[in-house]
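Below is one structure, written out as structure tokens; the observations come after it.
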Amino acid sequence: MIKQMITASLLLTLYSVVGTGLVAYTSAATSEQIKANEKGVLVNSIGEVLPSDNYDNEITTDKITFADHAALGTANPVTIYRARKGDTPVAAVIITEAPEGYGGAIKLLIGINSDGTLAGVRTISHAETPGLGDKIDINKDDWVKDFDGKSLNDPKPEEWKVKKDGGVFDQFSGATITPRAVVKSIRTTLVYFKNNSDSIFSKPSDTVNTKS
Amino acid sequence: MAKVSLSEISINGLWKNNPVLVQILGLCPALAVTASVVNALGLSMATTATLVLSNLIISLIRNFVKSEIRIPVYIIVIASVVTAIELSVKAYAYDLYLVLGIFLPLIVTNCVILGRAEAFASKNRPIAAVVDGLMCGLGFTIVLCALGALRELIGNGTLFDGMHLMFGEAARGLKIVVISDYKGFLLAILPPGAFIGLGLLLAGKNIIDHRSSAKS
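Sequence order for the protein chains is A and B. Its first residue numbered 185, the first sequence is counted upward by one per residue in the numbering used here. Its first residue numbered 69, the second sequence is counted upward by one per residue in the numbering used here.
The following block contains the structure:
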């Protein structure tokens with residue numbers, strides 16, 4: 185009886201080790217490619233809101249990570265990429281999240297020109313309802329383009345809401361929570377940018393080797 | 069267990085013992101991702117790959133697993149295979165990964181896979197197990213795609229929308245607008261639409277089976 189139990193547990197351990205080994209091997213073999221994919225997507229999404237001839241610095245490394253993310257209302261540190269032409273700040277691309285999405289946090293990329301207008305907004309990842317909330321994805325709908333050129337003066341701060349709440353932004357039929365979360369997050373980010381725009385551009389960028 | 073012929077395995081997986089329509093297994097992904105054809109196809113292809121690989125491995129090790137610990141061992145095999153597939157999709161088909169999101173790791177919990185491991189792969193030779201995995205996977209794929217097509221057509225009036233997410237820009241042209249100026253029918257896209265659609269497919273299969281048994 186005891187002997188049987190020991191053989192069984194040894195066998196189970198063996199299978200676990202082999203299984204974990206397989207996963208570890210695949211993870212090691214694919215991690216470079218996955219990182220490259222993620223960076224490619226990042227470069228592409230930055231390019232969508234900010235044409236690359238607007239700035240001349242290496243934007244993917246000119247970034248800062250804000251541990252002080254509470255002001256942005258997110259649960260995780262927020263990364264900000266900075267675009268400059270020469271020494272002049274052009275725009276900041278902020279990777280933030282809207283924590284109040286219907287299916288959890290919605291990861292957003294928000295480009296803000298140095299004058300405080302929105303260069304553009306893109307959804308990086310989300311778990312919203314297919315066919316309803318997923319219209320925040322540029323592949324599904326043009327809704328996020330509504331934010332292009334908007335700022336805290338246009339529309340007025342109290343109108344930074346979806347129409348259902350008395351604001352100016354469209355909600356989708358059947359999904360109010362998703363656009364509401366996105367609008368709120370963009371507004372918070374704009375306020376944060378307005379109050380901190382000097383420090384956002386003057387902070388030295390993260391050293392490349394630090395693990396974020 | 070008596071040896072079954074490969075063609076018999078195929079017919080079982082595809083029709084007679086179809087994972088979704090007859091065994092009513094794997095309903096969570098079948099209902100959740102079938103709002104469009106492209107999502108249904110992506111997930112069922114990943115599921116088919118998992119079925120084939122896990123069936124193969126489990127059949128190969130079937131004589132080295134004590135029966136008391138077989139279920140945990142199967143789960144380890146399936147979880148490892150799914151994670152490896154997830155990482156590969158993330159590395160080599162990143163767009164597809166973005167489409168499928170959380171449903172990819174959730175393949176582990178698809179009972180079709182553990183069901184085939186326990187009911188078939190653990191008792192049969194590797195070739196039969198691979199064919200069984202492939203055919204059950206195809207059976208799963210066909211039903212998911214049919215359900216996806218039904219819901220996308222009724223819900224959005226289109227077919228094959230978003231194929232470029234899976235097959236690159238060239239596939240964008242595959243989109244067929246079946247009903248132009250269609251306002252959309254939200255119910256079909258929402259979860260209740262999945263249940264109703266699946267119910268219709270089940271009814272359809274039963275009607276066909278009844279007719280053919282009545283003839284013979």
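We put the CB at the ideal spot given by N, CA and C, even for glycine. Everything numeric in this text was worked out from a predicted model, so none of it was measured.
Limits of the beta strand (DSSP E) - the one that residue i falls within
i	result
S112/B	Taken as a continuous stretch (DSSP letters only), S112/B belongs to no beta strand (DSSP E), being part of the alpha helix (DSSP H) at V105 to L128.
Y265/A	V262 to K269
S236/A	Counting along the chain, S236/A falls outside any beta strand (DSSP E), and DSSP gives it neither H nor E.
A303/A	L302 to S309
N297/A	I290 to N297
T249/A	K247 to F250
Spatially closest choice to residue i from the options, by CA coordinates
i	options	result
K187/A	K134/B, Y165/B, S73/B and V141/B	K134/B
Y250/B	G230/B, M234/B and G225/B	G225/B
V145/B	L164/B, A185/B and M113/B	A185/B
A152/B	I175/B, N131/B and I139/B	I175/B
L194/A	A114/B, M234/B, S280/B and V141/B	V141/B
S211/A	V157/B, V72/B and K84/B	V157/B
T307/A	A259/A, E281/A and I264/A	E281/A
N178/B	E220/B, G223/B and L99/B	L99/B
A114/B	R130/B, V150/B and G94/B	V150/B
V277/A	E284/A, F250/A and A259/A	F250/A
V225/A	K84/B, S190/B and Y165/B	Y165/B
A103/B	H278/B, A189/B and G265/B	G265/B
E216/A	A159/B, S75/B and L268/B	A159/B
N123/B	L202/B, S284/B and G223/B	L202/B
A255/A	F385/A, P388/A and S369/A	S369/A
L293/A	A220/A, E232/A, S386/A and E284/A	E232/A
E242/A	N379/A, I384/A, A267/A and D382/A	A267/A
T204/A	S148/B, W83/B and E136/B	S148/B
S78/B	G272/B, F253/B, V198/B and L269/B	V198/B
N260/A	I290/A, T244/A and S200/A	I290/A
Q91/B	L111/B, V101/B, C204/B and A196/B	C204/B
L206/A	I125/B, V88/B and L168/B	I125/B
L93/B	I276/B, S284/B and L270/B	L270/B
L336/A	V202/A, V201/A and G300/A	G300/A
C246/B	L168/B, D229/B and L121/B	Here the sequence assigns Val to residue 246/B, which means Cys is not the residue at that position. It is D229/B.
A196/A	P260/B, I139/B and K243/B	It is worth fixing the name first, because residue 196/A is Leu in this sequence and not Ala. If we check each option's Cα against that of L196/A, I139/B comes out closest.
Continuous alpha helix (DSSP H) stretch holding residue i: start and end
i	result
P259/B	P259 to K283
L155/B	R138 to Y160
M185/A	Counting along the chain, M185/A falls outside any alpha helix (DSSP H), and DSSP gives it neither H nor E.
A189/B	Taken as a continuous stretch (DSSP letters only), A189/B belongs to no alpha helix (DSSP H), as it is neither H nor E.
L95/B	L95 to A100
E76/B	L74 to I79
F235/B	H232 to F235
DSSP three-state assignment for residue i, whether helix, strand or coil
i	result
L194/A	helix
S396/A	Residue confidence is low: S396/A scores 41 on pLDDT, short of 50, so the model does not pin down where it sits. Its coordinate-derived value is still stated next. Coil at S396/A, not helix or strand.
M69/B	Caution applies to M69/B, whose pLDDT of 48 falls short of 50 and renders its modelled position unreliable; the value that the coordinates give is listed next. Three-state result, M69/B: coil.
A282/A	strand
T313/A	coil
V246/B	coil
T373/A	helix
L227/B	strand
F132/B	helix
L166/B	helix
N380/A	helix
A259/A	coil
F385/A	helix
V346/A	strand
F331/A	helix
D390/A	coil
L255/B	helix
L82/B	helix
G205/B	helix
P173/B	helix
V201/A	helix
V180/B	helix
P87/B	coil
T244/A	coil
Rounded Cβ spacing between residue i and residue j (contact assumed at less than 8 Å)
i	j	result
G295/A	G304/A	5 Å
N107/B	G216/B	7 Å
A359/A	Y286/A	7 Å
I398/A	V366/A	Because chain A is modelled from 185 through 396, residue 398/A falls outside the range shown and cannot be assessed.
L227/B	E220/B	6 Å
N332/A	L374/A	In the sequence as presented, Asn is not what sits at residue 332/A; that position holds Asp. Going by Cβ atoms, the distance from D332/A to L374/A rounds to 13 Å, so no, they are not a contact pair.
P235/A	T258/A	That pair is no contact at about 27 Å.
F253/B	G223/B	6 Å
A189/B	S127/B	5 Å
D318/A	K324/A	5 Å
For residue i: DSSP bridge partner residues
i	result
P273/A	R268/A
N139/A	The structure shown does not extend to residue 139/A, since chain A is modelled only from 185 through 396, so no value can be given for it.
A196/B	Bridge partners of A196/B: none, in fact.
V225/A	Per DSSP, none; premise fails for V225/A.
A359/A	F356/A
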